[in-house]
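Encoded as structure tokens, the structure appears first; notes follow it.
Quick look at the structure:
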């Protein structure tokens, strides 16, 4: 085989550029490009890559790519748990992944909120947020907050409004809101109303009622809604404002009497029941339940959630199940949900301050 040419002192002479390129396995000659030629080639490839169309969505990392978790801060059976389970089923189809509801009850919903805030910010773990945790507890004097709701969580979207209902015992002498107001004015602090604790939506509704009616009533806090309902039904406490879905069974069975709705409209299940605001203009109490995720959620995940929630809340089947459960659809994207939170903080902050409410 013919070898490389050698100089007279025995060292090999450098190969011509064309032969060097072929010796290293190259094909066509570089035609004088050298390193500059490689740089030029790299530059052309980079420009070509920039000009190429983006990869199709299927070729990019998709969201979601595994199970989605919805963290509920209350036990099964309440309004928050109900909404989580009603929305989970259609979300499975909208997201194309399994959706798991996890109950992490305690601290008025804040245990689940903290767990969601500590989750990976990839959109696969969301907090099922009630109005009390987002708009009331952060401004309640004496309330210990394990997280900053604004810094550590981001609103993803609102899902449902929870109708507020005023109930009394079946044998109560009070047949109208006006009769309650008259009795409270005639005997200050004699009328009693139940709640599930200081700063809850039931407590705030009672204080708003007192403020608008110009009366003083006695607040009776309970540690659980079931105990409060038992005492209302037995007539040991005069009345209670609460989440309508949690009263429906007792109302239908005759264990409670529905006196009025606290929002701007009656439930289609009881369309002829009056509103509190018919007697006390300005009375409006409607809780909401939405979804929030850990801070730092990427834009693609937020966009996917926005599209999924819009699809779910517009579906006739979902809207029918929501109405049958004593709820109402409250479809809001992240920006609108954030505005709702801010408005309710201002509104309920005034009630908290005016009534001197503190955490237990």
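Numbering (the numbering used here), first residue to last: 6 to 365.
All C-beta atoms, glycine included, are put in the ideal place defined by N, C-alpha and C.
Through-space distance from residue 162 to residue 88, alpha-carbon basis: The residue you call residue 88 lines up with position 83 of the chain shown. The residue you call residue 162 lines up with position 157 of the chain shown. When rounded, the distance between both Cα atoms is 13 Å.
Alpha helix (DSSP H) segments (min. 4 residues) lying fully within the stretch 76 to 142: 84 to 100, 115 to 123
Residue range of the beta strand (DSSP E) that includes residue 355: Your numbering for residue 355 matches position 350 in the chain shown. Here residue 355 belongs to no beta strand (DSSP E); instead the alpha helix (DSSP H) covers 339 to 360.
Nearest to residue 364 (by Cα), restricted to the options 147, 171, 212, 263: Counted from its first residue, the chain shown places residue 364 at position 359. Nearest option by C-alpha distance: 147.
Residues bridged to residue 293 [DSSP beta-bridge criterion]: Here residue 293 corresponds to residue number 288 of the chain shown, with the count starting at 1. Bridge partners of residue 293: 166.
Neighbourhood of residue 285 by C-beta distance below 8 Å, restricted to the same chain and skipping five residues each side: Locating residue 285 in the chain shown gives position 280, counting from the first residue. So the list reads 182, 186, 214, 217, 218, once near-sequence residues are dropped.
Validate contact between the stretch 299 to 308 and the stretch 319 to 332 using beta carbons, cut 8 Å, 3 pairs: no
Stretch-stretch touch, CB-based, cutoff 8 Å, three pairs: the stretch 274 to 281 with the stretch 224 to 231: no
C-alpha gap between residue 179 and residue 263, whole angstroms: On the chain shown, residue 179 is found 174 positions in, with the first residue counted as 1. On the chain shown, residue 263 is found 258 positions in, with the first residue counted as 1. Near 11 Å, if we compare the C-alpha coordinates of residue 263 and residue 179.
Residues near residue 336 in its chain [Cβ-Cβ closer than 6 Å; skip 5 each side]: Here residue 336 is taken as the residue at index 331 of the chain shown, counted from 1. These residues qualify, in order along the chain: 318.
Three CB pairs or more closer than 8 Å across the stretch 162 to 178 and the stretch 97 to 109: no
C-alpha gap between residue 270 and residue 167, whole angstroms: One-based indexing of the chain shown puts residue 270 at position 265. One-based indexing of the chain shown puts residue 167 at position 162. Answer to the nearest angstrom: the Cα atoms are 12 Å apart.
Nearest-angstrom beta carbon gap, residue 141 and residue 366 [assumed within contact, 8 Å]: The structure shown does not extend to residue 366, since the chain is modelled only from 6 to 365, so the question has no answer here.
Backbone CA spacing between residue 233 and residue 70 [nearest angstrom]: The residue given as residue 233 occupies position 228 in the chain shown. The residue given as residue 70 occupies position 65 in the chain shown. Rounded to whole angstroms, residue 233 to residue 70 spans 43 Å at the Cα level.
Three-state secondary structure assigned by DSSP to residue 238: The count along the chain shown starts at 1 and reaches residue 238 at position 233. Here residue 238 sits in helix by DSSP.
Contacting residues, own chain, Cβ-Cβ under 8 Å from residue 62 (five flanking each side not counted): Within the chain shown, numbered from 1, the residue matching residue 62 stands at position 57. Confidence is the limiting factor: at residue 62 the pLDDT is only 43, short of 50, which leaves the residue's position unreliable and the question unanswerable from this model.
Cα-Cα separation, residue 273 to residue 249: Counted from its first residue, the chain shown places residue 273 at position 268. Counted from its first residue, the chain shown places residue 249 at position 244. Between residue 273 and residue 249, the C-alpha separation is close to 12 Å.
C-alpha distance - residue 320 paired with residue 97, whole-angstrom precision: Within the chain shown, residue 320 is the residue found at index 315, counting from 1. Within the chain shown, residue 97 is the residue found at index 92, counting from 1. The alpha-carbon atoms of residue 320 and residue 97 are separated by roughly 14 Å.
Under the three-state DSSP convention, the category residue 160 falls into: Taking the first residue of the chain shown as position 1, residue 160 is located at position 155. Correct three-state label for residue 160: strand.
Nearest residue (CA-CA) to residue 340, options 151, 296, 322: Indexing the chain shown from 1 puts residue 340 at position 335. Out of 151, 296, 322, 296 has the C-alpha closest to the C-alpha of residue 340.
Proximal residues to residue 290 (C-beta, below 6 Å), its chain only, five neighbours per side dropped: Sequence index remark: in the chain shown, residue 290 carries index 285 (1-based). Excluding positions up to five away in sequence, the list reads 169, 210, 267.
Buried versus exposed, by CB contacts within 10 Å (16 or more), residue 207: On the chain shown, residue 207 is found 202 positions in, with the first residue counted as 1. By the 10 Å Cβ count, residue 207 comes out buried.
Residue 67 versus residue 252 - alpha carbon distance: For this step, residue 67 is matched to residue 62 along the chain shown. For this step, residue 252 is matched to residue 247 along the chain shown. For residue 67 and residue 252, the distance between alpha carbons rounds to 42 Å.
Beta-carbon spacing of residue 76, residue 112 below 8 Å: Along the chain shown, one-based indexing puts residue 76 at 71. Along the chain shown, one-based indexing puts residue 112 at 107. In this structure, residue 112 does not lie closer than 8 Å to residue 76 by Cβ.
Residue 355 classed as buried or exposed, judged by whether at least 16 other C-beta atoms fall within 10 angstroms: As a first step, residue 355 is located in the chain shown; it is residue number 350 there, counting from the start. The residue in question, residue 355, is exposed, as its Cβ has fewer than 16 Cβ neighbours within 10 Å.
Inter-residue spacing [alpha-carbon to alpha-carbon] between residue 261 and residue 240: Counting from 1 along the chain shown, the entry for residue 261 is found at position 256. Counting from 1 along the chain shown, the entry for residue 240 is found at position 235. Residue 261 and residue 240: Cα-Cα distance of roughly 10 Å.
Min CB distance residue 139 to chain D below 8 Å: The chain inventory of the structure shown lacks chain D, comprising one protein chain alone.
Minimum C-alpha distance to residue 361 - residue among 298, 203, 192, 275: Locating residue 361 in the chain shown gives position 356, counting from the first residue. Comparing Cα positions, the closest option is 203.
First through last residue of the alpha helix (DSSP H) which encompasses residue 323: The residue you call residue 323 lines up with position 318 of the chain shown. That run of the alpha helix (DSSP H) goes 321 to 329.
Whole-angstrom C-beta distance between residue 151 and residue 115, which should lie under 8 Å: Indexing the chain shown from 1 puts residue 115 at position 110. Indexing the chain shown from 1 puts residue 151 at position 146. Indeed they touch by this definition, with Cβ atoms about 6 Å apart.
Rounded separation between residue 72 and residue 102 - CA only: Mapped onto the chain shown, residue 72 falls at position 67. Mapped onto the chain shown, residue 102 falls at position 97. About 6 Å.
Within the stretch 197 to 230, ranges of the beta strand (DSSP E) (whole runs, at least 3 residues): 197 to 200, 223 to 226
Cβ distance (whole Å) where residue 332 is taken to contact residue 165 below 8 Å: Your numbering for residue 332 matches position 327 in the chain shown. Your numbering for residue 165 matches position 160 in the chain shown. About 5 Å; that satisfies the 8 Å criterion.
With 16 other Cβ atoms within 10 Å as the buried cut-off, status of residue 212: In the chain shown, residue 212 corresponds to position 207, counting from 1. Flag for residue 212 reads buried.
Residue 278 in three-state terms, based on DSSP: The residue you call residue 278 lines up with position 273 of the chain shown. Reduced to three states, the DSSP call for residue 278 is coil.
Neighbour-count burial assignment, residue 254, 16 or more Cβ in a 10 Å radius: The residue labelled residue 254 in the question sits at position 249 within the chain shown. Exposed.
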